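Structure first, commentary second.
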Amino acid sequence: MLTIFRYSLARFRGQIIGWGLGIFLLGLFLLPFYETIVEQQDQFQELLENYPPAMMAFFGDLSEMATPHGYLGAEYFALMPVILGIFAVLAGSGLLVSDEEKGTLDLILAHPISRTALFAGRVLAFVAATILMFFVGWLGLVLPTLWVNFDASWGEIALPFVSLLGVILVFGTMALLLSMVLPSRGLAAMLSGILVVLSYFITSLARIDDRLGALARLSPLNYYQSGDAMLGLNGSWLVGLLAVAALFTLAAWWLFQRRDIRVAGEGGWRLALPRRRAAAT
Amino acid sequence: MNTTPALSMQGLRKSYGNFEALRGIDLEVQRGEIFGFLGPNGAGKTTAIRCMLDLIRPTGGTIRVLGINPQADPVAVRARVGYLPGELRLDDNLTAEGALRYFSALRGNNVDWGFVRQLAERLDLDLKRQVKNFSKGNKQKVGVIQALMHRPELLLLDEPTGGLDPLVQQEVLRLIREAQAGGATVFFSSHILSEVQEVAARVAIIRRGEIVEVADTATLINRAFRRVLVRFTRPTDGSALANVPGVTVLSQDETTVQLQVEGEINLLIKALATYDVADFDTERPSLEEIFLAYYEADRVEAR
Numbered sequence: 005m006l007t008i009f010r011y012s013l014a015r016f017r018g019q020i021i022g023w024g025l026g027i028f029l030l031g032l033f034l035l036p037f038y039e040t041i042v043e044q045q046d047q048f049q050e051l052l053e054n055y056p057p058a059m060m061a062f063f064g065d066l067s068e069m070a071t072p073h074g075y076l077g078a079e080y081f082a083l084m085p086v087i088l089g090i091f092a093v094l095a096g097s098g099l100l101v102s103d104e105e106k107g108t109l110d111l112i113l114a115h116p117i118s119r120t121a122l123f124a125g126r127v128l129a130f131v132a133a134t135i136l137m138f139f140v141g142w143l144g145l146v147l148p149t150l151w152v153n154f155d156a157s158w159g160e161i162a163l164p165f166v167s168l169l170g171v172i173l174v175f176g177t178m179a180l181l182l183s184m185v186l187p188s189r190g191l192a193a194m195l196s197g198i199l200v201v202l203s204y205f206i207t208s209l210a211r212i213d214d215r216l217g218a219l220a221r222l223s224p225l226n227y228y229q230s231g232d233a234m235l236g237l238n239g240s241w242l243v244g245l246l247a248v249a250a251l252f253t254l255a256a257w258w259l260f261q262r263r264d265i266r267v268a269g270e271g272g273w274r275l276a277l278p279r280r281r282a283a284a285t
Numbered sequence: 007m008n009t010t011p012a013l014s015m016q017g018l019r020k021s022y023g024n025f026e027a028l029r030g031i032d033l034e035v036q037r038g039e040i041f042g043f044l045g046p047n048g049a050g051k052t053t054a055i056r057c058m059l060d061l062i063r064p065t066g067g068t069i070r071v072l073g074i075n076p077q078a079d080p081v082a083v084r085a086r087v088g089y090l091p092g093e094l095r096l097d098d099n100l101t102a103e104g105a106l107r108y109f110s111a112l113r114g115n116n117v118d119w120g121f122v123r124q125l126a127e128r129l130d131l132d133l134k135r136q137v138k139n140f141s142k143g144n145k146q147k148v149g150v151i152q153a154l155m156h157r158p159e160l161l162l163l164d165e166p167t168g169g170l171d172p173l174v175q176q177e178v179l180r181l182i183r184e185a186q187a188g189g190a191t192v193f194f195s196s197h198i199l200s201e202v203q204e205v206a207a208r209v210a211i212i213r214r215g216e217i218v219e220v221a222d223t224a225t226l227i228n229r230a231f232r233r234v235l236v237r238f239t240r241p242t243d244g245s246a247l248a249n250v251p252g253v254t255v256l257s258q259d260e261t262t263v264q265l266q267v268e269g270e271i272n273l274l275i276k277a278l279a280t281y282d283v284a285d286f287d288t289e290r291p292s293l294e295e296i297f298l299a300y301y302e303a304d305r306v307e308a309r
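Those sequence lines, one after another, are chains Z and Y. One point on numbering: in my numbering, the residue at position 58 of the first sequence is 62, and numbering is uninterrupted. One point on numbering: in my numbering, the residue at position 44 of the second sequence is 50, and numbering is uninterrupted.
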């Protein structure tokens with residue numbers, strides 16, 4: 005499993021650098037503006053009052069823009085689940101099926117490695133890649149605090165990333181599960197992507213429309229704390245998200261154990277519904 | 007000495023929806039032999055091999071590889087088997103050496119790297135080059151090396167010489183023979199019959215998911231039809247020879263007749279005693295012709 009983990013993590017190298025550098029630069033760019041927001045708090049509030057509520061709903065509570073958690077929540081963490089959700093969906097859906105569609109999984113599984121070990125190695129590499137990416141992003145936020153007056157510790161700045169990790173793992177494992185059920189990686193990624201965006205819209209719109217409250221409770225983003233995590237992490241929400249991710253992972257593992265490994269080019273629109281384990285003895 | 011067969015399949019079936027890829031295969035391969043698995047594309051060769059490695063699950067039947075049920079303990083089977091897939095795909099971002107080191111790591115690094123270099127040299131493969139810059143033939147060489155490098159007890163080779171030039175094909179066949187001499191069993195599928203004929207002691211012919219023949223390669227060739235060319239001393243009508251049981255007249259001119267004889271040749275020789283024969287030439291069919299005969303029979307049945 006360790007070989008699979010190391011090799012898979014190495015394959016994530018490009019994505020860690022690419023996505024990580026993106027959020028690193030975003031943090032580096034955004035944080036210095038915090039001082040300006042604090043200095044021009046009154047004018048800013050005036051400006052916000054003229055914004056339509058529907059638009060405000062997508063950025064969380066903007067009345068606290070002059071606080072570290074409010075600023076980072078609105079400017080940085082509000083859109084992160086969608087931005088990094090794309091990474092999660094692409095990575096999750098391709099974790100095993102990408103190799104299967106390319107035809108390389110056949111040869112890997114012809115070596116003395118169990119499907120469970122392969123699955124675990126790949127999932128752990130995805131989790132490690134996500135954490136590494138967040139670490140790079142976190143560096144982009146904490147480095148400017150060396151010269152910007154930002155009243156939050158480095159540990160506090162890390163807390164929204166912990167909350168974000170829960171959401172990203174849910175999205176990634178959901179895509180992994182769908183890739184086990186649907187006939188192609190592309191379809192699994194597309195459907196997962198739609199669910200991520202839907203989740204974002206439902207959670208955001210539920211802030212201004214109570215009728216969506218019940219539906220929003222099903223959305224993973226409902227349990228994402230964004231910048232508010234800096235005030236204290238909601239442990240039950242985080243555990244809940246991690247439990248859902250674990251459930252999706254378990255279901256995907258169960259399906260992977262029971263399915264045929266396709267060769268390159270194989271696939272169709274027939275759903276790979278779970279079947280009785282093969283009859284051979 | 008272990009006497010359990012290297013491979014054993016009984017009633018092996020595999021269906022994809024309504025399509026039956028394998029329709030109850032019974033086959034046994036003894037340890038230490040080179041066994042050829044013949045059939046055209048889509049006959050079920052690859053499906054059978056993938057069942058042996060638990061890459062796909064049979065719909066029914068029994069399968070044992072080196073005495074182990076691959077569904078119950080796939081890792082134990084794979085540890086002792088070297089596999090070359092028919093449609094070989096490698097990670098393009100690695101060098102040949104990188105790919106082989108990865109496969110070696112998956113085997114717990116129990117590979118003699120000196121042997122790998124020796125194989126690469128014999129197959130004329132540059133280990134430092136990136137896989138993405140390789141031709142199909144060079145990728146196939148990487149595949150051959152990874153199948154052989156841990157000196158497995160059983161080699162499952164799906165079209166091992168595909169994409170290789172004739173010289174390298176011969177080298178691969180030599181490697182297969184050497185593996186057998188070292189005690190390995192070799193099970194290889196092919197639709198290139200000449201190479202099977204060259205190395206395999208026994209063959210099975212698979213047609214539409216069913217085994218239609220299992221025999222010693224030599225017996226199969228001996229048992230099947232043969233071509234006979236008869237030259238007469240003077241212009242003769244040889245068409246009456248078609249009345250001899252098992253004889254078909256393929257062509258004739260004034261002084262020669264070409265015949266195909268199925269089964270015993272004795273009756274033809276007796277019939278020829280009444281003719282003035284100047285020369286008599288008989289030719290064994292190649293495995294290719296035998297193989298095509300099975301498929302010809304299939305086409306006739308289908309009509």
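Just so it is clear, CB atoms sit at the ideal spot from N, CA and C, and this is done for glycine as well. In this text, all values refer to a predicted model and were calculated from it rather than measured experimentally.
CB residue i to CB residue j, shorter than 8 Å?
i	j	result
Z/N238	Z/T207	no
Y/L90	Y/L199	no
Y/M155	Y/F194	no
Z/A193	Z/V93	yes
Z/A114	Z/Q19	no
Y/Q146	Y/G168	yes
Z/L168	Z/Y228	yes
Y/V236	Y/T262	yes
Z/D110	Z/I8	no
Y/Q264	Y/S257	yes
Y/R19	Y/L13	no
Z/R189	Z/V127	no
Z/A256	Z/L180	yes
Y/L33	Y/V209	no
Z/P72	Z/M234	yes
Z/S196	Z/M184	no
Y/V81	Z/S157	no
Y/I217	Y/I55	no
Z/L245	Z/V171	yes
Z/P2	Z/L51	Summary: the structure shown does not reach residue 2 of chain Z, with chain Z confined to residues 5 through 285, and so no result is reported for it.
Y/L310	Y/E204	Any question about residue 310 of chain Y goes unanswered here, given that chain Y covers just 7 to 309.
Z/V152	Z/E79	no
Z/L124	Z/M5	Reading off the sequence shown, one finds Ala at residue 124 of chain Z, where the question assumed Leu. Against a cut-off of 8 Å, the Cβ pair of Z/M5 and Z/A124 comes out as a contact.
Y/L274	Y/V220	no
Y/G143	Y/D171	yes
Would you list the one or two residues that DSSP bridges to residue i?
i	result
Y/A236	It should be pointed out that residue 236 of chain Y corresponds to Val in this sequence rather than to Ala. DSSP lists Y/V263 and Y/F286 as partners of Y/V236.
Y/E216	Y/R213
Y/L4	Here chain Y covers residues 7 to 309 and nothing more, so residue 4 of chain Y does not appear.
Y/V192	Y/I40 and Y/L161
Y/E26	Y/S21
Y/Q258	Y/V263
Y/A221	Y/V209
Y/G88	Y/L161
Y/V253	Y/V267
Please check the pair residue i and residue j, which I expect to be a contact at CB under 8 Å, by giving their CB distance rounded to whole angstroms.
i	j	result
Z/L242	Z/V166	7 Å
Z/S203	Z/P224	6 Å
Y/G1	Y/G50	As shown, chain Y starts at 7 and ends at 309. That puts residue 1 of chain Y outside it, with no answer to give.
Y/A190	Y/P166	Wrong, their Cβ atoms sit about 13 Å apart, outside the cutoff.
Y/V148	Y/L96	6 Å
Y/V150	Y/L133	That belief does not hold up - the Cβ atoms of Y/V150 and Y/L133 are roughly 13 Å apart, past 8 Å.
Y/R37	Y/N75	That belief does not hold up - the Cβ atoms of Y/R37 and Y/N75 are roughly 17 Å apart, past 8 Å.
Z/A82	Z/Q45	Not really, about 19 Å apart at Cβ, beyond 8 Å.
Y/R63	Y/Q77	7 Å
Y/Q186	Y/I40	5 Å
If the cut-off is 8 Å on Cβ atoms, which residues from the segment 109 to 128 of chain Y count as contacting chain Z, listed in chain order? F109, A111, L112, R113 and G114
Closer than 7 Å, Cβ to Cβ, to anything on chain Y: give me those residues from the segment 113 to 143 of chain Z, in chain order. L113, A114, H115, P116, I117 and S118
Length at least 4, wholly inside the segment 93 to 140 of chain Y: the alpha helix (DSSP H) runs in chain order: Inside the segment 93 to 140 of chain Y, DSSP marks whole alpha helix (DSSP H) runs of 4 or more residues at positions 102 to 112 and 119 to 128, from first to last along the chain.
Query raised in the report: Which whole runs of the alpha helix (DSSP H) in the segment 207 to 238 of chain Z are 4 residues long or more, in chain order?
Result: Within the segment 207 to 238 of chain Z, the complete alpha helix (DSSP H) segments of 4 residues or longer fall at 217 to 220, listed in chain order.
Contact list for the segment 80 to 95 of chain Y against chain Z, Cβ threshold 9 Å:
P80, V81, A82, V83, R84, A85, R86, V87, G88, Y89, L90, P91, G92, E93, L94 and R95
### Query
Using a beta-carbon distance cut-off of less than 9 Å, what residues from the segment 45 to 78 of chain Y approach chain Z?
Cβ contacts with chain Z: T52, R56, C57, L59, D60, L61, I62, R63, P64, T65, G66, G67, T68, I69, N75, P76, Q77 and A78.
Between the segment 91 to 108 of chain Z and chain Y, which residues of the former have CB atoms less than 9 Å from a CB of the latter, in chain order? D103, K106, G107 and T108
Contacting positions in the segment 18 to 36 of chain Y - beta carbon closer than 8 Å to chain Z: L18 and G23
### Query
At which residue ranges does the segment 113 to 174 of chain Z contain complete alpha helix (DSSP H) runs of 4 or more residues, listed in the order of the chain?
119 to 146
Problem - Interfacial residues, the segment 251 to 271 of chain Z to chain Y, with Cβ spacing under 7 Å - result: D264, I265, V267 and A268
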